[in-house]
Amino acid sequence: MNHHEAKFLLRAYRPDSGDAGDPVFAGALDAANHDPALQAWLEREQAFDRALGAKLRGIQPPPGLRDAILAGSRASRHRRSRWKIPAWLAAAACIALAFTLFPRTRPIEPSAREFAEFALNELATSGSGHNGHRADLSGLQAHLASASLPLSDNPGVSGDELRDADCRVIKFAGHDVFEVCFQRDGHWYHLYALRIENLAPGAVDARSMLTSRGLFATTAWKDARFAYALVTHDGAEALRKLI
Amino acid sequence: MVETYYAALYRFALSLAKNPSDAGDLTQQTFFVWATKGDGIRDESKAKSWLFTTLYREFLRIRRRSGRMVAIEDLPPGEQDTADVETDLVAKMDASLVMEALQEVDEVFRAPLTLFYLQDHSYLDIAGILSIPVGTVMSRLSRGKAQLRILLAQKARGGRIIEFPKQEASS
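These protein sequences, in sequence, are chains A and B. Going by the working numbering, the letters in the first sequence line up with residues 1 to 243, in that order. Going by the working numbering, the letters in the second sequence line up with residues 1 to 171, in that order.
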């Protein structure tokens, strides 16, 4: 092994680390042990790496970041934990509770905020399997991509249109939610629509509520027929442009 | 998990995103994805790699949208061993100046370099996080260090920073 090869390998060798036992470095370390010039180079390199590593580790995250992360993680974990209960157990618990508390069955009536957070979590957890922008939705997508702003004043999407367009449908608290994904000004947006009768009576107009978790951001509003949640994965600023 | 890794993830994000606001967003985003998808991972070493991998993928996703990617074939030669920066000089430099120099290293070298200097990551970890072959990690560390030395020397002298030629590729 010549100097050039040994140096190439040893530049990836971490000082004060478990790399000493890694056979990949054995030959290069052995060469350094028998070559004072290479050994001196290695010592300089490691001293440099230590100094640089110490400098980088001295950079502190901004105050408040830790708390913001913890708050966001708690919120999402709380939402998710509701859906981790096995379906049969959740159903049994709901039925038992309904019979205990109410003489008649009452529908689950979520708030606008819960709907917005559901939509955000839906997008965040859907991963690569997410497909809300099928080819046959192009008319609806084009409409949303150019609809007048703010979108929350009049998304101009009818229930019939959503149903007829064969949108992706997901369930929220037992109710159908239609989803349309569209692109506008280089950002992807995901519009979720829930029939208004499935939202809690008196649920507030949530336009002023903008929730973000990292780069995910969501808001919700309603009109006479639907409650809408709009979600983006491109940050709160991208969402503000539309509402 | 947050207590253990948020600071290291933030530093990694800061080197990639180049500004504290985006770095904070990337770090939050990573833990949000963790809370929704990753908290089933029990092995701590796997969890650590998962967090750094997730942060890097989020960064790349945003980067792709900005349409500013540098193809590896376009990179200038970086194998230089001439810019010898004294360790004492680095020790005396302000941490923000060191980060500034690191942020000016070409992006493909910067990610492995930052993971390397966060010290808990071996070349094998880095290969896994960045999804690149081990040999490529070695090469990028070697060339990245050479670039970083040049930039640090310039910063230390207070001289003008000469940008490495970059060729923009279509997104």
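Ideal Cβ placement from N, Cα and C applies to all residues, glycine included.
Checklist entry - Which same chain residues, not among the five before or five after Thr30 (chain B), have their C-beta less than 7 Å away from its C-beta? => result Closer than 7 Å at Cβ, skipping near neighbours: Leu9, Leu51, Thr54, Leu55, Glu58.
Item to check | Within-8 Å CB hit, Pro150 (chain A) to chain B | outcome: Pro150 (chain A) does not count as touching chain B.
Checklist entry - Quick one, which of A:Arg57, A:Ala112, A:Ala47 has its alpha-carbon nearest Leu89 (chain B)'s? => result Closest by alpha carbon: A:Ala47.
Next on the checklist: Determine, for Ile69 (chain A), whether the minimum Cβ-Cβ distance to residues of chain B falls below 8 Å.
Outcome noted: Chain B, which has a Cβ nearer than 8 Å to the Cβ of Ile69 (chain A), makes this yes.
Checklist entry - Name the DSSP bridge partner or partners of Leu194 (chain A)? => result A:Val177, A:Ala227, per the DSSP bridge assignment.
Checklist entry - Which residues bound the beta strand (DSSP E) around Arg157 (chain B)? => result In the DSSP assignment, Arg157 (chain B) falls outside any beta strand (DSSP E) and within the unbroken alpha helix (DSSP H) covering 134-157.
Next on the checklist: So for His121 (chain B), helix, strand or coil by DSSP?
Outcome noted: It is coil, neither helix nor strand.
Checklist entry - For the beta strand (DSSP E) that contains Arg213 (chain A), what are its first and last residues? => result Start and end: 211-213.
Next on the checklist: Am I right that Leu140 (chain A) and Val180 (chain A) are in contact with their C-beta atoms under 8 Å? What's the rounded C-beta distance?
Outcome noted: Contact flag correct, Cβ pair sits at about 5 Å.
Checklist entry - For Pro86 (chain A), which residues from the same chain have a beta carbon less than 7 Å from its beta carbon, with the 5 sequence-adjacent residues on both sides left out? => result Interpretation of Pro86 (chain A) is limited by its pLDDT of 47, a score under 50 that renders its predicted location unreliable; no figure is taken from the coordinates.
Checklist entry - Residues bridged to His187 (chain A) by DSSP? => result For His187 (chain A), which the question treats as bridged, DSSP gives the partners A:Arg184.
Checklist entry - In chain B, which residues lie less than 9 Å from Phe226 (chain A) when you measure between Cβ atoms? => result What Phe226 (chain A) touches in chain B: nothing, since even the nearest Cβ is about 26 Å away.
Item to check | Whole-angstrom C-beta distance between Tyr123 (chain B) and Ala227 (chain A), which should lie under 8 Å | outcome: In fact, because the Cβ distance is near 51 Å, the residues do not count as touching under 8 Å.
Next on the checklist: I need the DSSP call for Val169 (chain A), collapsed to helix, strand or coil.
Outcome noted: It is a strand residue.
Next on the checklist: With H, G and I counted as helix, E and B as strand and the rest as coil, what does DSSP make of Ala28 (chain A)?
Outcome noted: Three-state DSSP puts Ala28 (chain A) in a helix.
Next on the checklist: Using a Cβ-Cβ distance cut-off of 8 Å, determine whether Gly40 (chain B) contacts chain A.
Outcome noted: Gly40 (chain B) does not count as touching chain A.
Checklist entry - Cα separation between Asp49 (chain A) and Ala95 (chain B)? => result Ala95 (chain B) has its alpha-carbon roughly 14 Å from the corresponding atom of Asp49 (chain A).
Item to check | Boundaries (first-last residue) of the beta strand (DSSP E) holding Lys7 (chain A) | outcome: That residue, Lys7 (chain A), is in no beta strand (DSSP E); its alpha helix (DSSP H) goes 3-10.
Checklist entry - Over what stretch of residues does the alpha helix (DSSP H) that includes Ala220 (chain A) continue unbroken? => result Segment 216-222 is the beta strand (DSSP E) holding Ala220 (chain A); no alpha helix (DSSP H) there.
Checklist entry - When the distance is taken between beta carbons, is Thr232 (chain A) closer than 8 Å to Glu117 (chain A)? => result No, the pair does not count as a contact, with Cβ atoms beyond the cut-off.
Checklist entry - How big is the Cα-Cα spacing for Gly64 (chain A) and Arg63 (chain B)? => result Each residue's Cα considered, the two are about 26 Å apart.
Checklist entry - What in chain E is Cβ-close to Ile59 (chain A), meaning under 9 Å? => result The structure shown contains no chain E; the protein chains it does contain are A and B.
Item to check | CA-to-CA distance, Ala112 (chain A) to Phe178 (chain A), given in whole angstroms | outcome: Between the alpha carbons of Phe178 (chain A) and Ala112 (chain A) lies a gap of roughly 15 Å.
Checklist entry - For Lys145 (chain B), which residues in chain A fall below 8 Å Cβ to Cβ? => result Within 8 Å Cβ-Cβ: Arg11.
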